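A.B. asks: For the sequence shown, the working numbering begins at 34 and goes up steadily by one. A virtual CB, placed ideally from N, CA and C, is assigned to each residue, including glycine. Remember, predicted model here, so these are calculated numbers, not experimental data.
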Amino acid sequence: MTAQEFEALDLNSQANLVWEGEFIGTRVVDDVYIQRYKLTDFEVDVYYDPMNNKIIRIYRNSKRQAD
Numbered sequence: 034m035t036a037q038e039f040e041a042l043d044l045n046s047q048a049n050l051v052w053e054g055e056f057i058g059t060r061v062v063d064d065v066y067i068q069r070y071k072l073t074d075f076e077v078d079v080y081y082d083p084m085n086n087k088i089i090r091i092y093r094n095s096k097r098q099a100d
């Protein structure tokens with residue numbers, strides 16, 4: 034799947050695909066957990082609000098990855 038195809042999906046479909054990716058790490062900003070996952074040839078950040086137990090958004094990291 035390309036990054037453009039991924040971005041065209043709804044949030045639930047994106048979330049289902051993210052869990053199949055490789056977990057890279059977590060950081061916390063203003064009580065929001067941001068978890069990075071590597072999919073085939075791009076990375077995404079999952080913004081999670083633990084207070085409401087809700088994914089806020091999934092955002093494709095636009096940095097170009099080194100091969």
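#1: Thinking residue 59 and residue 67 are a contact (beta carbons under 8 Å), I'd like their distance in whole angstroms, please.
#2: Let's see if you can read the secondary structure: which residues bound the alpha helix (DSSP H) around residue 39?
#3: DSSP three-state call for residue 85: helix, strand or coil?
#4: Which complete beta strand (DSSP E) runs does the segment 37-81 hold, if anything under 3 residues is left out?
#5: Measure the C-alpha to C-alpha separation of residue 54 and residue 83 and round it to an integer number of angstroms.
#6: For a test of the three-state rule: what should DSSP assign to residue 95, helix, strand or coil?
#7: Could you check if residue 62 is buried or exposed, using at least 16 other CB atoms within 10 Å of its CB as the buried criterion?
C.D. replies: By the coordinates alone:
#1: That pair is a contact at about 7 Å.
#2: Residue 39 -> alpha helix (DSSP H) spans 36-41.
#3: Residue state, collapsed to three classes: coil.
#4: List check, beta strand (DSSP E) in window: 55-62 and 65-71.
#5: It is roughly 21 Å from the alpha-carbon of residue 54 to the alpha-carbon of residue 83.
#6: Shown here, residue 95 sits in coil according to DSSP, grouped into three states, outside any helix or strand.
#7: Exposed is the call here.
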